[in-house]
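S.K.:
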Amino acid sequence: MAMQRTLVIVKPDGVQRGLVGPILSRLEARGLKIVGLKLVSVSSDLAARHYAEHLGKPFYEGLLRYITSAPVVVACVEGTSAVQMVRSTVGATNPLNAAPGTIRADFALDIGRNLIHASDAPETADRELALWFGDGELVSYARDTDRWVFE
Ligand code: IDP
Ligand code: MG
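Residue numbers for the sequence shown follow our numbering, beginning at -12 and rising by one.
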């Protein structure tokens, strides 16, 4: 299994509701390693670049208003197959369809307030990480617990 890095954003509702800890805890508890972390007030330019694939969709304007409405917490997490690991821990886009035990099922009700973003493919992760993190903001380090997480 290949080591990957992926982008996680605790959206404004997650920060406002005091769920940064519980959300990041679930990823940490799985064994994923945080290698980048910061609080960001999102500019409309960054929001538009991040969500460029959704331009023209009915929910696009509302989505940009949502993501720029209050600070977000952005993290880069690393682990084996991290992209898929994180997506499956996050759950389906609509909390209504998210499996119990996933973050969106356990903490959210509305597709327009679904708490968290996670990159959907390795190429997306590379593009998004470059968008949100500058040179030197991601930190490579060893964890003493790694031999208890990885065979
Ligand atoms: P994802 O976040 O699970 O990858 P996408 O389809 O990429 O889902 O949509 C990006 C974000 O746009 C969603 O997380 C959600 O915040 C918002 N969104 C998607 N579909 C709708 C919708 O039908 N109504 C309102 N917001 C939506
Ligand atoms: Mg998406």
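By construction, the Cβ of each residue, glycine as well, lies at the ideal position given by its N, Cα and C atoms. This one's a predicted model, so the numbers in the text were calculated from it and none came from an experiment.
If we ignore side chains and look at the alpha-carbon of each, how far apart do L96 and I103 end up?
M.R.: Across the structure, L96 and I103 are spaced so that their CA atoms are roughly 13 Å apart.
S.K.: Return the bridge partner residues of E65 from the DSSP annotation.
M.R.: R(-8), K20
S.K.: Contact check, F137 vs T76 under 8 Å by CB: the rounded distance?
M.R.: Between T76 and F137 the Cβ distance is about 17 Å, and since that is not below 8 Å, they are no contact.
S.K.: Excluding the 5 residues preceding and the 5 following E15 in the sequence, name in chain order all residues of the same chain whose CB lies nearer than 8 Å to its CB.
M.R.: Within the same chain, E15 has close Cβ partners I21.
S.K.: Is there contact between the region 111 to 118 and the region 0 to 11, where contact requires at least three CB pairs shorter than 8 Å?
M.R.: no
S.K.: Would you report the Cα separation of P58 and S30, rounded to the nearest angstrom?
M.R.: 10 Å
S.K.: Measuring from the CB of D143, is there a heavy atom of the ligand MG at a distance below 6 Å?
M.R.: Residue 143 lies beyond the residue range present for the chain, which begins at -12 and ends at 138; the question has no answer from this structure.
S.K.: As a quick exercise: from G18, S106, Y47, A108, pick the residue whose alpha carbon is nearest that of A129.
M.R.: G18
S.K.: Does the distance between the C-beta of G43 and the nearest non-hydrogen atom of the ligand IDP fall short of 6 Å?
M.R.: no
S.K.: Closest by CA to G121, which one among P9, K25, I(-4), R13?
M.R.: K25
S.K.: What is the DSSP secondary structure of L26, counted as helix, strand or coil?
M.R.: Reduced to three states, the DSSP call for L26 is strand.
S.K.: Going residue by residue through the region 39 to 113, where are the continuous alpha helix (DSSP H) segments of at least 4 residues, counting only ones entirely within it?
M.R.: 47 to 54, 69 to 77, 90 to 94
S.K.: Any heavy atom of the ligand IDP closer than 6 Å to the CB of I98?
M.R.: yes
S.K.: Taking I98 and N81 to be in contact with their CB atoms under 8 Å, please state how far apart those CB atoms are, rounded to whole angstroms.
M.R.: Confirmed, about 4 Å.
S.K.: So, for A108: in the same chain, excluding its five sequence neighbours on each side, which residues have a beta-carbon less than 8 Å away from its beta-carbon?
M.R.: V70
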